[in-house]
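This report refers to the structure that appears directly beneath it.
In UniProt numbering, the protein residues as written are 1 to 86.
Below, the structure written as structure tokens:
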């Protein structure tokens, strides 16, 4: 196997957890979110933020950033514009 093929295979394997987590968020957005009133105090919404964080930073850092964001979601935080860091 060439170095290029090994690198490509490694990238594909690292993408699997990210894609699985994004699919879970999309399932939430399709099946659970419509049954709840819109209550997110942030822009982008927490689910949009999670998809962006996972897409931009991968599974580990994406889950970390999304968890921090969800912990901020409550009456103790005023919300507002909170984009995914670069």
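Ideal placement from N, C-alpha and C gives every residue a C-beta, glycine not left out.
For residue j and residue i, the rounded distance between their alpha carbons
i: residue 21; j: residue 15; result: 10 angstroms
i: residue 23; j: residue 69; result: 19 angstroms
i: residue 122; j: residue 76; result: Since the first residue of the chain shown is 1 and the last is 86, residue 122 is not available in this structure.
i: residue 39; j: residue 11; result: 36 angstroms
i: residue 67; j: residue 41; result: 16 angstroms
i: residue 74; j: residue 45; result: 13 angstroms
Residue nearest to residue i in terms of C-alpha spacing, selected from the options
i: residue 81; options: 55, 72 and 43; result: 43
Where residue i falls: helix, strand or coil (DSSP)
i: residue 81; result: strand
i: residue 39; result: coil
i: residue 7; result: helix
i: residue 30; result: helix
i: residue 17; result: helix
Buried or exposed (CB count within 10 angstroms, at least 16 for buried), residue i
i: residue 49; result: buried
i: residue 13; result: exposed
Cβ-Cβ separation, residue j to residue i (assumed contact under 8 angstroms), whole Å
i: residue 17; j: residue 59; result: 4 angstroms
i: residue 29; j: residue 47; result: 5 angstroms
i: residue 62; j: residue 71; result: With a Cβ gap of about 15 angstroms, residue 62 and residue 71 do not count as contacting.
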